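Taking it in order: structure first as structure tokens, then the write-up.
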Amino acid sequence: AEKPPERPAVIPPPAEPADRAIKSRSGGKPLVVIDAGHGGKDVGAIAVTGGYEKDITLGIAREVARVLRERGRVRVKLTRDDDRFIPLGGRVRIARDARADLFISIHADSAPNDQARGASVYTLSAVASDAIAERLAARENKADIIGGVNLGVEAPEVGEIMVDLARRATNNVSVQFAEMLQKSLEEQAVGFRGEFHHFAAFAVLKAPDVPSVLLETGYVTNRQDAERLFSDDGRRRMARGIARAIERHLTGK
Numbered sequence: 001a002e003k004p005p006e007r008p009a010v011i012p013p014p015a016e017p018a019d020r021a022i023k024s025r026s027g028g029k030p031l032v033v034i035d036a037g038h039g040g041k042d043v044g045a046i047a048v049t050g051g052y053e054k055d056i057t058l059g060i061a062r063e064v065a066r067v068l069r070e071r072g073r074v075r076v077k078l079t080r081d082d083d084r085f086i087p088l089g090g091r092v093r094i095a096r097d098a099r100a101d102l103f104i105s106i107h108a109d110s111a112p113n114d115q116a117r118g119a120s121v122y123t124l125s126a127v128a129s130d131a132i133a134e135r136l137a138a139r140e141n142k143a144d145i146i147g148g149v150n151l152g153v154e155a156p157e158v159g160e161i162m163v164d165l166a167r168r169a170t171n172n173v174s175v176q177f178a179e180m181l182q183k184s185l186e187e188q189a190v191g192f193r194g195e196f197h198h199f200a201a202f203a204v205l206k207a208p209d210v211p212s213v214l215l216e217t218g219y220v221t222n223r224q225d226a227e228r229l230f231s232d233d234g235r236r237r238m239a240r241g242i243a244r245a246i247e248r249h250l251t252g253k
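Our numbering puts the sequence shown at residues 1 to 253.
Have a look at this one:
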């Protein structure tokens with residue numbers, strides 16, 4: 001009797017990697033640079049409760065760093081660990097000089113309407129996603145003027161094609177992290193301002209080689225948001241969500 005035709009060998013699909021860890025640019029554990037927005041003479045937005053945005057951002061940044069260092073899975077660097085003014089270009093340079101794998105700038109928003117509330121995240125785009133994003137970027141980009149920085153010297157425009165191509169690839173990673181951040185903050189029951197992810201031309205996001213996002217943690221002109229952001233519990237919940245997103249993004253776990 002004739003032998004039945006042999007079945008073609010079934011080639012199993014490639015196994016999924018155990019994790020999707022980011023390969024650190026500087027060797028060893030991946031590095032995140034956390035930027036507490038504003039500082040020193042630049043107080044940022046003034047809360048309805050009378051506090052300053054610069055104090056909220058520093059408190060959250062310190063708490064994120066504490067959580068990450070305690071867990072020990074990624075390395076952390078703060079652009080500032082006290083009340084000092086740092087030019088926008090200087091913040092970007094800290095991340096680039098450290099060869100950071102991720103940069104997150106922490107802020108708190110303000111609005112004429114005291115009912116506006118909720119967190120939102122921004123990634124870089126030459127064209128803003130909406131009018132609110134455009135106004136916010138314009139306001140945040142004035143921080144250097146408050147500090148008396150000569151913008152022409154501090155942040156010259158770079159238009160080389162290779163830099164633009166590198167920035168596009170970096171922006172793709174920034175968007176991926178923004179999505180991860182949304183999931184982690186949802187787990188901490190952090191409310192959002194409508195759509196969470198927006199786009200605008202923030203100067204502090206313009207490193208061509210470091211994935212970067214700017215997180216607005218809430219509105220200090222809204223009483224509920226302000227009370228949450230100035231409370232220990234509110235800052236801890238925000239910091240836990242940020243830290244978890246950073247770990248997931250950089251370590252794949």
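Every residue, glycine too, gets a C-beta built ideally from N, C-alpha and C. Here the structure is a predicted model, which means the values were calculated and not measured.
C-alpha distance - residue i paired with residue j, whole-angstrom precision
i, j, result
"Y219", "N172", "27 Å"
"A201", "D42", "20 Å"
"K142", "L136", "10 Å"
"R73", "R117", "33 Å"
"L181", "L214", "11 Å"
"S24", "A61", "21 Å"
"K29", "T123", "24 Å"
"R240", "V190", "11 Å"
"S110", "F196", "16 Å"
"D83", "V33", "17 Å"
"D81", "H107", "15 Å"
"L185", "S120", "10 Å"
"R235", "T217", "9 Å"
Residue i, DSSP secondary structure in three states
i, result
"D42", "strand"
"G194", "strand"
"T170", "helix"
"G59", "helix"
"F177", "helix"
"A100", "coil"
"S105", "strand"
"V213", "strand"
Opening and closing residue of the alpha helix (DSSP H) in which residue i lies
i, result
"D233", "232-251"
"M229", "For the record, residue 229 in the displayed sequence is Leu; it is not Met. Here the alpha helix (DSSP H) through L229 covers 223-229."
"E132", "Checking the sequence, you will find Ile at residue 132 rather than Glu. Where I132 is concerned, the enclosing alpha helix (DSSP H) stretches over 131-140."
Candidates the options, of which the one nearest residue i by Cα
i, options, result
"A36", "D55, I22, R99, R25", "D55"
"P112", "S231, L31, R223", "R223"
"S212", "D233, E227, S125", "S125"
"R193", "F177, S174, D114", "D114"
"R244", "R71, T57, A45", "R71"
"P188", "D232, R237, F230, T221", "Correcting the residue type first, residue 188 is Gln in the shown sequence and not Pro. It is R237."
"P208", "D97, T221, G44, E53", "D97"
Limits of the unbroken beta strand (DSSP E) element including residue i
i, result
"L124", "119-124"
"I34", "31-36"
"T79", "No beta strand (DSSP E) holds T79; DSSP gives it neither H nor E."
Proximity test, Cβ basis, 7 Å: residue i and chain B
i, result
"V175", "Absent from the structure is chain B; it holds one protein chain and no more."
With 16 other Cβ atoms within 10 Å as the buried cut-off, status of residue i
i, result
"R91", "buried"
"G252", "exposed"
"T49", "exposed"
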